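Respectively, the protein sequence lines represent chains A and B. If you're matching positions, the first sequence starts at 1 in our numbering and goes up one per residue. If you're matching positions, the second sequence starts at 105 in our numbering and goes up one per residue. Glycine included, each C-beta is placed from N, C-alpha and C at the ideal position. Here the structure is a predicted model, which is why all the values come from computation and not from measurement. Report on the following structure.
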Amino acid sequence: MASTIKVKTKLSDDVATVKSLMLHPMETGSRKDPDSGAIIPAHHITQLIFTNNGKQVMVANFSTAVSKNPYFSFSFNGAKAGDTLNISWVDNIGEKGELETQLK
Amino acid sequence: MQYTKRALLKGSFALMALAALPARLLAAAWPEKAFSAPEMNAALTGLFGTDVLTASDQITLKAPEIAENGAVVPVSIKTTLPNVESISIVVEKNPRPMVATFEIPPGTLADISSRIKMAETSDVTAVIKTSDGLYSTARQVKVTIGGCGG
């Protein structure tokens, strides 16, 4: 299965900028199925965590109000080429996604 | 004697298991109380224990003046305030105002961007938690088509 995470990183001196995109429906739990009229249950990413060489550099907590296929970007200091950036998410029904990439 | 040895072994195994836990499991729990609160004050109290915010001009909140599609509203927040611990996005008139909260460990820049859903025209508030307290700035975003259901 293709990864649910797309990421672009850019190093400028020791500052890494991370732009990430997760594939996820981010259902609010208040939307109705247009055919059956039944409420579509909430299904959304709750936590998105970034570590660089094992050190946590960002923890993002999401509600249902983050857009479908969430986009998120941030930057951190102390990065260098070859560092291992790990991105992982977990959602409210226990599904997970993970991606590892090298900074360059 | 044997018993103590076993207990010691057990203990060290438990420690090893703890050390082997991936970093993501050590993150703070998802703040459910703040995210399920139907009002902004309760959402803030649920996350920070208080809803008292100090307005600050050291926070830059970028959001469109008019969002044609409330399902995708780009928001960027950065601040020059020192010792930032977290950045949160709050949309007052959403059914559940707390949208997202970002924990900023030392070394990470207080500068984030994401895309959020807005049910209707509302103030969008950026809340910055520093070691000194809570600071905020807000701006109105007009929404022509809501993004929270329908």
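message = For Lys137/B, report the span of its beta strand (DSSP E) as first-last.
response = Lys137/B -> not in any beta strand (DSSP E); alpha helix (DSSP H) instead, spanning Glu136 to Ser140.
ask   = Asn198/B to Lys55/A, Cα distance in whole Å?
value = 34 Å
ask   = Hey, out of Leu21/A, Thr17/A, Leu103/A and Ser63/A, whose CA is closest to Thr28/A's CA?
value = Ser63/A
inquiry  = Once DSSP output is grouped into helix, strand and coil, what is the label at Thr101/A?
reply    = strand
ask   = Within the 8 Å Cβ cut-off, does Val203/B reach chain A?
value = yes
task = Give the DSSP bridge partners of Ile40/A, in chain order.
result = Partner(s): none; Ile40/A has no beta bridge.
request  = Classify Gly174/B as buried or exposed, calling it buried when 16 or more other Cβ atoms lie within 10 Å of its own Cβ.
outcome  = buried
request  = Specify the secondary structure class of Met222/B as computed by DSSP and reduced to three states.
outcome  = coil
inquiry  = I'd like to know whether the C-beta of Ser36/A is nearer than 8 Å to at least one C-beta of chain B.
reply    = no
inquiry  = So, with DSSP's three-state summary, where would you put Thr149/B?
reply    = helix
task = Can you check DSSP and say which residues form a bridge with Arg31/A?
result = None; Arg31/A has no bridge partner.
ask   = Where DSSP assigns a beta bridge to Glu207/B, which residues make up the other side?
value = Val59/A and Ser190/B
ask   = Can you name the start and end residues of the beta strand (DSSP E) that Gly237/B belongs to?
value = Gly237 to Ile249
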